[in-house]
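Worksheet for the structure shown next.
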Amino acid sequence: MPCETFQEKNRSVAQVTDVGKQRKNNEDALLVMNEAGCYVVSDGMGGGSAGEIASSTVVTFIRNTLDSTPMLPEARKENLSAAVYAANTAIANYAEKRGYRSMGATVAVLLLNPWLPGKANLYFAGDSRIYRVRKGRIECLSADHTVAAAAGIPESRLPDYMRGVLSNAVGLKSNFFLASAETDVKKDDVFLLCSDGLYRQIPDAALAGGLAGSKDLRQTLESWVRTANEAQGLDNLSAIAVRFDGIPGPYSPTPEEIAANDSPEVNNRIGQLSDTEIPEENLEDTRI
Numbered sequence: 001m002p003c004e005t006f007q008e009k010n011r012s013v014a015q016v017t018d019v020g021k022q023r024k025n026n027e028d029a030l031l032v033m034n035e036a037g038c039y040v041v042s043d044g045m046g047g048g049s050a051g052e053i054a055s056s057t058v059v060t061f062i063r064n065t066l067d068s069t070p071m072l073p074e075a076r077k078e079n080l081s082a083a084v085y086a087a088n089t090a091i092a093n094y095a096e097k098r099g100y101r102s103m104g105a106t107v108a109v110l111l112l113n114p115w116l117p118g119k120a121n122l123y124f125a126g127d128s129r130i131y132r133v134r135k136g137r138i139e140c141l142s143a144d145h146t147v148a149a150a151a152g153i154p155e156s157r158l159p160d161y162m163r164g165v166l167s168n169a170v171g172l173k174s175n176f177f178l179a180s181a182e183t184d185v186k187k188d189d190v191f192l193l194c195s196d197g198l199y200r201q202i203p204d205a206a207l208a209g210g211l212a213g214s215k216d217l218r219q220t221l222e223s224w225v226r227t228a229n230e231a232q233g234l235d236n237l238s239a240i241a242v243r244f245d246g247i248p249g250p251y252s253p254t255p256e257e258i259a260a261n262d263s264p265e266v267n268n269r270i271g272q273l274s275d276t277e278i279p280e281e282n283l284e285d286t287r288i
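Quick note: the sequence shown, position 68, residue 68 per the working numbering, numbers continuous.
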């Protein structure tokens, strides 16, 4: 159960991932880019090594893209979205060449606005979630892309084999879509990005209680892993918690930055990524 903590300007961050008790490998991948203000959870699927490769592809494409993107709000949004769509194509092509029938990954992203610290952009696909805990109350800011959610019914009404089945994931190629939203950020807010292995084993009330007023995010995340594993540890469990200890004032961009932001250019390298085979040996170890 490796857990890491980070302290960035006005932010406290903790991340944890655990294989659980029932799985042989961990198909979750995490990405923390504190300086860039980007946080990602991806949950792979496909069996064998396919799920691990899919989730690692998602976070690797995002990291490589933001590393070469200027700190301009519109450019960051455009390039992040393009990177996920490129990962979608790359995963689909990889699966087709190897005969994998259900290779893919979820994605949940918190992207902070470098000019407006009180704003953030959210991106999501699949059933990994983005929560916000504010003044002790928890709110899910993302939507599940599952068969049950698409039908507007609780999963309990579905046969067992259909429960938790995704209606959207990175790797579905032509049917894939990346949902997005914008939200505000206030002092003492805690954002939680997690795979379904967390919220299916730890109820929302416990998530809110653990994060509300928590002085030690690492201790909170580790306690959730222990609780899940002391039960049945049914799935991989991964989470990133981001607490805003303060909200700095807005950034004053130069006229040149404003002009560049008004006409964002998508990184030319992104378009090339989708046409290349996924280089497994180059994928980063994203399981901390």
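Ideal Cβ placement from N, Cα and C applies to all residues, glycine included.
To which residues of the same chain is residue i closer than 6 Å at the C-beta, ignoring the five residues directly before and after it?
i: residue 179; result: 124
i: residue 287; result: Low confidence applies to residue 287: its pLDDT is 48, below 50, so where it sits in the model is not reliable, and the reading given next is rough at best. Same-chain partners within the cutoff: 17 and 26.
i: residue 6; result: 13 and 34
Of the choices the options, whose alpha-carbon is the least far from that of residue i?
i: residue 15; options: 21, 23 and 33; result: 33
i: residue 61; options: 110, 135 and 84; result: 84
i: residue 47; options: 90, 75 and 103; result: 103
i: residue 222; options: 232, 117, 204 and 238; result: 238
i: residue 45; options: 143, 53 and 217; result: 53
i: residue 256; options: 70, 64 and 31; result: 70
i: residue 117; options: 187, 142 and 138; result: 187
i: residue 55; options: 29, 249, 72 and 120; result: 29
i: residue 67; options: 43, 122, 38 and 91; result: 38
i: residue 177; options: 214, 126 and 199; result: 126
i: residue 80; options: 198, 121 and 43; result: 121
i: residue 207; options: 144, 140, 164 and 166; result: 140
i: residue 107; options: 151, 64, 63 and 59; result: 59
In whole angstroms, what is the alpha-carbon distance linking residue i and residue j?
i: residue 241; j: residue 212; result: 12 Å
i: residue 105; j: residue 169; result: 6 Å
i: residue 78; j: residue 264; result: 7 Å
i: residue 113; j: residue 159; result: 42 Å
i: residue 218; j: residue 227; result: 14 Å
i: residue 26; j: residue 232; result: 16 Å
i: residue 100; j: residue 196; result: 22 Å
i: residue 137; j: residue 31; result: 26 Å
i: residue 278; j: residue 90; result: 6 Å
i: residue 171; j: residue 214; result: 37 Å
Which stretch, first to last residue, makes up the alpha helix (DSSP H) that contains residue i?
i: residue 27; result: Taken as a continuous stretch (DSSP letters only), residue 27 belongs to no alpha helix (DSSP H), as it is neither H nor E.
i: residue 76; result: 73-98
i: residue 301; result: Residue numbering for the chain in the displayed model covers 1 to 288; residue 301 lies beyond these limits and cannot be assessed.
i: residue 206; result: 204-211
i: residue 147; result: 147-151
i: residue 259; result: 255-262
i: residue 231; result: 217-231
Since residue i contacts residue j with CB under 8 Å, what's their CB separation in whole angstroms?
i: residue 243; j: residue 185; result: At roughly 11 Å, the Cβ-Cβ gap does not stay under 8 Å, so residue 243 and residue 185 are not in contact.
i: residue 229; j: residue 51; result: Not a contact, Cβ separation roughly 20 Å.
i: residue 260; j: residue 111; result: Residue 260 to residue 111, Cβ: 18 Å. No contact.
i: residue 248; j: residue 115; result: Not really, about 11 Å apart at Cβ, beyond 8 Å.
Ignore the nearest five residues each way along the sequence and tell me which others in residue i's own chain have a CB closer than 8 Å to its CB.
i: residue 262; result: 74
If you drop the 5 nearest sequence neighbours on each side, which residues of the same chain put their C-beta closer than 7 Å to that of residue i?
i: residue 194; result: 41, 128, 129, 238 and 239
i: residue 162; result: 147
i: residue 234; result: 20, 22 and 201
i: residue 216; result: none
i: residue 246; result: 10 and 187
i: residue 12; result: 217, 243 and 245
i: residue 282; result: Legend: pLDDT at residue 282 = 47, less than 50; position of this residue unreliable, value from coordinates given subsequently. Counting only Cβ-Cβ distances below 7 Å, and skipping sequence neighbours, we find nothing.
Less than 7 Å between CB atoms is the rule here; does residue i satisfy it with respect to chain C?
i: residue 18; result: Reference to chain C is not applicable here, since this structure consists of a single protein chain.
What is the residue span of the beta strand (DSSP E) that residue i lies within?
i: residue 13; result: 11-18
i: residue 5; result: 3-8
i: residue 166; result: Element bounds for residue 166: n/a, residue is neither H nor E.
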